[in-house]
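There are 2 protein chains.
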Amino acid sequence: MSQLRVALAQLNVTVGDVDGNAEKIVAWTRNAVERGAHVVAFPELALTGYPVEDLALRGSFVDASQGKIQGLAKRLADEGLGEIVVVCGYLDRATGTAMGVDRLGRPKGSPTNAAAVIHQGRVVTSAVKHHLPNYGVFDEFRHFVPGSTLQVVRIHGVDVALAICEDLWQDGGPVAVAKAAEAGLLLVINSSPYEANKDDVRGELVTRRAREAGCALAYVNLIGGQDELVFDGDSLISDAEGNIFARAPQFEQGSMVVDLELPAATSTPSGTHEGIEIVHTVIHEDALPAYEPIAAAVAPRLADEAEMYGAIVTGLRDYVQKNGFKSVLLGLSGGIDSSLVAAIACDAVGAEHVFGISNPSVYSSEHSKDDAAELAARTGLNYRVIPIQPMVQPFIDTLGLTGLAEENLQARVRAVIWMGLSNADGHLVLACGNKSELSVGYSTIYGDAVGGYAPLKDVPKTVVWRLAKWRNEDAKARGKQPPIPENSIAKPPSAELRPGQQDTDSLPPYDLLDDMLDDYVELDRGSAELVASGFETELVSKVIQLVDRAEYKRRQYPPGPKITHKAFGRDRRLPITNAWREDARKAAEH
Amino acid sequence: MSQLRVALAQLNVTVGDVDGNAEKIVAWTRNAVERGAHVVAFPELALTGYPVEDLALRGSFVDASQGKIQGLAKRLADEGLGEIVVVCGYLDRATGTAMGVDRLGRPKGSPTNAAAVIHQGRVVTSAVKHHLPNYGVFDEFRHFVPGSTLQVVRIHGVDVALAICEDLWQDGGPVAVAKAAEAGLLLVINSSPYEANKDDVRGELVTRRAREAGCALAYVNLIGGQDELVFDGDSLISDAEGNIFARAPQFEQGSMVVDLELPAATSTPSGTHEGIEIVHTVIHEDALPAYEPIAAAVAPRLADEAEMYGAIVTGLRDYVQKNGFKSVLLGLSGGIDSSLVAAIACDAVGAEHVFGISNPSVYSSEHSKDDAAELAARTGLNYRVIPIQPMVQPFIDTLGLTGLAEENLQARVRAVIWMGLSNADGHLVLACGNKSELSVGYSTIYGDAVGGYAPLKDVPKTVVWRLAKWRNEDAKARGKQPPIPENSIAKPPSAELRPGQQDTDSLPPYDLLDDMLDDYVELDRGSAELVASGFETELVSKVIQLVDRAEYKRRQYPPGPKITHKAFGRDRRLPITNAWREDARKAAEH
Chain A
1 MSQLRVALAQ LNVTVGDVDG NAEKIVAWTR NAVERGAHVV AFPELALTGY PVEDLALRGS
61 FVDASQGKIQ GLAKRLADEG LGEIVVVCGY LDRATGTAMG VDRLGRPKGS PTNAAAVIHQ
121 GRVVTSAVKH HLPNYGVFDE FRHFVPGSTL QVVRIHGVDV ALAICEDLWQ DGGPVAVAKA
181 AEAGLLLVIN SSPYEANKDD VRGELVTRRA REAGCALAYV NLIGGQDELV FDGDSLISDA
241 EGNIFARAPQ FEQGSMVVDL ELPAATSTPS GTHEGIEIVH TVIHEDALPA YEPIAAAVAP
301 RLADEAEMYG AIVTGLRDYV QKNGFKSVLL GLSGGIDSSL VAAIACDAVG AEHVFGISNP
361 SVYSSEHSKD DAAELAARTG LNYRVIPIQP MVQPFIDTLG LTGLAEENLQ ARVRAVIWMG
421 LSNADGHLVL ACGNKSELSV GYSTIYGDAV GGYAPLKDVP KTVVWRLAKW RNEDAKARGK
481 QPPIPENSIA KPPSAELRPG QQDTDSLPPY DLLDDMLDDY VELDRGSAEL VASGFETELV
541 SKVIQLVDRA EYKRRQYPPG PKITHKAFGR DRRLPITNAW REDARKAAEH
Chain B
1 MSQLRVALAQ LNVTVGDVDG NAEKIVAWTR NAVERGAHVV AFPELALTGY PVEDLALRGS
61 FVDASQGKIQ GLAKRLADEG LGEIVVVCGY LDRATGTAMG VDRLGRPKGS PTNAAAVIHQ
121 GRVVTSAVKH HLPNYGVFDE FRHFVPGSTL QVVRIHGVDV ALAICEDLWQ DGGPVAVAKA
181 AEAGLLLVIN SSPYEANKDD VRGELVTRRA REAGCALAYV NLIGGQDELV FDGDSLISDA
241 EGNIFARAPQ FEQGSMVVDL ELPAATSTPS GTHEGIEIVH TVIHEDALPA YEPIAAAVAP
301 RLADEAEMYG AIVTGLRDYV QKNGFKSVLL GLSGGIDSSL VAAIACDAVG AEHVFGISNP
361 SVYSSEHSKD DAAELAARTG LNYRVIPIQP MVQPFIDTLG LTGLAEENLQ ARVRAVIWMG
421 LSNADGHLVL ACGNKSELSV GYSTIYGDAV GGYAPLKDVP KTVVWRLAKW RNEDAKARGK
481 QPPIPENSIA KPPSAELRPG QQDTDSLPPY DLLDDMLDDY VELDRGSAEL VASGFETELV
541 SKVIQLVDRA EYKRRQYPPG PKITHKAFGR DRRLPITNAW REDARKAAEH
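This is how it looks when you write it as structure tokens:
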């Protein structure tokens with residue numbers, strides 16, 4: 001057996017900020033060297049950020065990535081960090097092969113999602129991702145050409161095989177070939193987004209693939225929010241028998257350094273297996289002299305609510321910071337959605353950077369105003385009350401709006417106020433709508449739907465309540481003030497745009513609605529299946545119509561953190577003109 | 001040689017409206033029978049509409065398509081239309097093969113983009129699309145699994161090979177195999193979107209592929225607007241030598257019926273070529289008795305401006321109709337953009353269904369009000385003047401907004417008015433921004449950017465002027481009143497949000513800007529290339545910064561007709577947090 005000390009650096013990088021990301025990679029390589037590591041691995045596309053989307057098709061951006069990875073290799077050597085083996089994700093391009101030729105149906109410039117192996121000032125080899133996910137939040141088949149080799153690098157006598165993210169998830173490809181290559185370690189670099197209710201799917205996958213490959217498996221993942229994605233880290237290592245013996249915490253930037261005992265390479269299997277050619281690179285032929293290993297730690301997984309809350313806070317914090325904002329602004333209605341968003345915002349950027357505006361109308365209840373003020377007092381955010389009637393009335397007088405038009409007018413006047421304050425003071429406006437509302441179009445376009453970011457966009461209403469309760473209870477457990485007024489959690493939800501209005505005037509109760517949405521939207525079940533599973537026929541028709549017709553509003557809604565991989569937005573592209581109505585069709589048939 | 005009378009029915013169908021589309025298919029099959037056709041071909045996915053996007057992943061929608069194509073076959077026979085051979089695009093699913101099994105990385109339910117061949121009440125065979133485009137406006141790799149056979153159907157003694165759209169564009173695949181199959185006719189069904197400046201790429205492609213296949217090629221295409229895509233028809237037929245001898249008009253629903261003289265099949269080549277298996281189906285072994293052919297016609301191509309104007313009008317008309325609106329509303333500023341949109345709207349839905357609102361502010365010039373009124377008088381649209389000062393002042397008084405915040409406030413008060421009228425009267429609001437403005441973020445989010453549809457979203461400002469002049473000249477040539485006031489075309493563009501404001505205060509002249517945008521956005525050139533091609537360094541930096549930072553605004557903009565295939569929107573997905581600034585990076589390096 002040979003020893004190897006491996007550092008898995010789960011970084012928070014920014015898409016496009018190649019220079020800034022390179023600085024982080026240098027800093028964390030130094031950290032790994034100081035901790036005695038022999039290998040340090042950074043996540044998939046750590047140099048460019050993930051996802052790069054159409055930037056991959058811009059030649060000058062690929063040039064910048066290629067130039068920077070070479071520059072990084074030289075700089076590490078210049079700074080005395082040349083001996084450690086660095087594995088780092090970057091954007092490359094295929095050349096000299098059939099895949100390197102531009103033609104219709106192939107991404108322009110043949111960009112690749114690659115892992116550089118850096119040693120002594122040089123990129124000694126580079127692995128290319130094989131499986132390009134193109135479902136859910138992923139569009140990689142648009143942006144990359146696939147690899148066709150398995151790179152195996154001998155480091156201190158151990159054959160380390162390299163793979164990238166989806167290569168681990170799909171059957172076939174480099175994992176399958178790692179066994180034929182008799183690898184001693186399979187090192188996988190990832191940018192794998194957080195997803196709720198995964199029930200430790202990732203851990204199960206890693207242990208299964210380790211057993212398939214017949215060797216230990218080290219998995220390093222990105223952390224932080226990037227546009228609509230949130231990455232949770234959760235880097236881990238399994239032995240060849242599928243036991244996880246090291247795991248890094250979620251949502252925390254840092255480096256996990258672990259000592260591994262791995263089989264020394266005794267042969268150099270070559271050839272092509274399942275269409276993939278094994279390519280060897282030798283950095284050190286011989287094993288290290290024996291040394292005293294450090295102990296590995298397994299970080300505990302977070303509870304469901306803590307994990308989801310952490311994902312939302314991380315998503316918001318990074319969206320604010322990576323877009324160059326210093327503060328956020330939101331409307332405080334006293335309701336549960338804006339109260340939870342306010343608590344999240346205070347946790348993400350600090351109450352002193354959160355501006356809550358109460359905009360009571362003539363239909364606002366006394367408790368709404370009280371609850372909003374109470375929330376402000378508990379959290380310490382900046383609070384301002386601006387009644388809207390003086391601004392609403394001139395529109396009514398001029399246009400004579402009534403009914404729904406008048407209801408929407410109130411929401412839009414509020415939005416004009418928030419955007420005016422945003423323009424004047426530079427706040428990022430937060431939209432407070434939840435996934436249940438968005439699903440059925442229960443919001444005012446250009447009203448409560450304005451903003452740059454929507455923290456609850458992918459959180460169903462029933463989960464909004466759960467998270468609010470959890471946040472309060474967690475505060476109590478830590479001896480802190482619960483941020484959310486109990487009345488905001490307890491009272492029935494209302495938009496308060498007309499006298500006595502309640503959400504249940506227009507919608508089924510949220511527990512029922514969320515169940516139906518889960519079936520119709522997440523599981524793609526049809527109306528017949530919904531009825532068969534016990535939902536009332538008329539209600540099924542109504543909800544399906546609402547969901548289908550709300551597609552345009554959903555498209556116009558601000559981005560928010562993806563909590564499920566089938567969230568509304570980029571990854572769910574229904575036609576806007578969605579003339580298909582299951583219920584209407586069924587009705588016509590019978 | 002054998003004779004065959006082929007009808008190419010270029011229909012305007014609606015995504016999801018399976019029942020309505022089936023009705024059209026029956027009606028146009030009857031039309032083909034009445035005109036003596038032996039074969040009638042309908043476009044790609046004619047039964048479901050194109051593009052179906054994520055509806056393809058919904059099992060009950062695939063079921064509906066499969067059931068309907070069978071029902072259509074029976075119904076055609078029941079109505080005495082069973083003898084004509086119908087080739088029709090529909091949504092199917094792969095079964096009984098490795099492709100029919102759900103697994104990660106493969107579209108759920110294994111949907112296929114298929115062409116049914118219907119005869120005597122049955123679907124006698126079905127072809128599946130091989131090449132799944134996943135670039136530009138296309139995402140088919142997300143939605144379909146590819147086919148692996150070439151279907152050849154013997155009709156009245158002629159072997160007709162089938163292919164679907166992208167199969168024709170990419171090298172390899174069914175076209176290449178059609179030659180090995182010794183096909184007498186290659187019949188290709190398409191839903192191929194309009195694209196400006198294609199310079200008859202489609203005609204050139206069809207003639208080239210006909211020569212490669214060594215047989216005549218019949219190409220039928222969709223027409224009409226569907227969400228952001230516009231299909232122009234332009235169905236055509238080439239002989240085996242690559243001469244186009246029949247062509248249908250653009251943007252017009254109809255059926256082109258053409259007599260062909262084709263080689264009679266003398267053998268039945270089989271086997272697998274380039275990975276594609278040739279599959280034969282015989283409907284009629286023998287050729288028809290000789291008959292008198294009808295003459296074919298070649299419709300002239302439209303001039304560039306007429307074609308683009310036609311695409312925009314078609315896109316708007318169908319967006320209004322397919323989304324169930326009866327009228328449109330837009331703000332009339334007297335400027336060129338809103339004037340052109342008004343002219344387009346009147347052409348699309350009729351002036352009596354167009355509502356133009358003039359919203360003068362204290363900064364509006366006299367000519368703006370005059371020009372708007374003049375446009376209304378010339379076109380006959382419904383005109384209303386609503387000064388905004390009474391609604392702007394209360395916001396100013398309450399919030400004390402100045403500068404940019406005050407400028408945006410005016411645009412947002414206008415938007416609240418338009419949306420209020422839309423809510424009250426059911427109009428679809430049109431956003432009037434052009435592509436040049438959107439590219440650099442020169443618009444007010446939730447202000448002039450509100451609306452359900454943006455006809456000029458993909459039209460650069462310099463082309464806006466060209467189209468306006470063309471529309472006026474075309475009117476004169478037809479002895480009609482030119483709709484657009486000459487002063488709206490001639491005057492320098494201004495947002496009129498502060499005294500004396502002109503676009504050139506913030507932006508380079510539009511001819512220069514459009515040149516730079518073409519290089520940076522459409523051609524993906526980097527800053528170094530822009531500078532090398534003669535643009536001033538400082539201006540390049542400024543424009544690149546504006547474009548990169550405007551990504552969020554562009555995402556929030558309403559949909560509009562795609563004029564180039566690299567338009568902003570769904571097909572161009574830059575990260576929102578686009579920290580990559582070429583100019584900033586270059587500056588840091590030097």
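Residue numbers (the UniProt record's numbering), protein chains in the order written: chain A, 1 to 590; chain B, 1 to 590.
We put the beta carbon where it would ideally sit given N, CA and C, even for glycine.
In this text, all values refer to a predicted model and were calculated from it rather than measured experimentally.
Min CB distance residue i to chain A below 8 Å
i	result
L332/B	no
W465/B	no
H131/B	yes
W580/B	yes
N134/B	yes
A588/B	In this predicted model, A588/B has a pLDDT of only 44, less than 50, meaning its place in the structure is not dependable; the value taken from the coordinates is given anyway. Closer than 8 Å: yes.
M391/B	yes
L55/B	yes
T314/B	no
T29/B	no
G420/B	yes
L517/B	no
D357/B	Note that residue 357/B corresponds to Ile in the displayed sequence, not to Asp. No, no contact with chain A.
Any chain B beta carbon closer than 8 Å to residue i
i	result
Q556/A	yes
E60/A	According to the sequence displayed, residue 60/A carries Ser and not Glu. Closer than 8 Å to some Cβ of chain B, the Cβ of S60/A qualifies, so yes.
L81/A	no
V145/A	no
Inter-residue spacing [alpha-carbon to alpha-carbon] between residue i and residue j
i	j	result
L399/A	A376/B	21 Å
L8/B	I396/A	54 Å
V177/A	V6/A	22 Å
T462/A	K562/A	17 Å
A588/A	G20/B	Note on A588/A: pLDDT 43, under 50, position unreliable in the model; the coordinate value appears next. Near 11 Å, if we compare the C-alpha coordinates of G20/B and A588/A.
A306/A	W470/A	8 Å
Any non-hydrogen atom of the ligand SAM closer than 7 Å to residue i Cβ
i	result
L45/A	Here there are no bound small molecules, and the ligand SAM is not part of this structure.
Distance between beta carbons of residue j and residue i, contact taken as under 8 Å
i	j	result
I155/A	V39/A	6 Å
N423/B	N408/A	5 Å
V18/A	A64/A	5 Å
Q10/B	L288/B	Incorrect: roughly 25 Å between the Cβ atoms, too far for contact.
I276/A	T149/A	6 Å
G310/B	L316/B	Not a contact, Cβ separation roughly 11 Å.
Cross-strand partners of residue i (DSSP beta bridge)
i	result
G254/B	Q10/B
T577/B	In the DSSP output, where bridge partners are listed per residue, T577/B has none listed.
G233/B	Q250/B
Y383/A	G356/A
Chain B contacts from the stretch 159-189 of chain A (Cβ-Cβ distance under 8 Å): Of all residues in the stretch 159-189 of chain A, only E166, W169, Q170 and D171 place a beta-carbon less than 8 Å from a beta-carbon of chain B.
Anything in the stretch 200-212 of chain B with a Cβ closer than 9 Å to a Cβ of chain A? List those residues in chain order, please. none
Please identify, using Cβ separations under 9 Å, the residues of the stretch 397-413 of chain A that lie next to chain B, in order along the chain. Those would be D397, T398, L399, G400, L401, T402, G403, L404, A405, E406, E407, N408, L409, R412 and V413, in chain order.
Contact list for the stretch 4-19 of chain B against chain A, Cβ threshold 9 Å: T14, V15, G16, D17, V18 and D19
If you measure beta-carbon to beta-carbon, which residues of the stretch 363-387 of chain A are closer than 8 Å to chain B? I386
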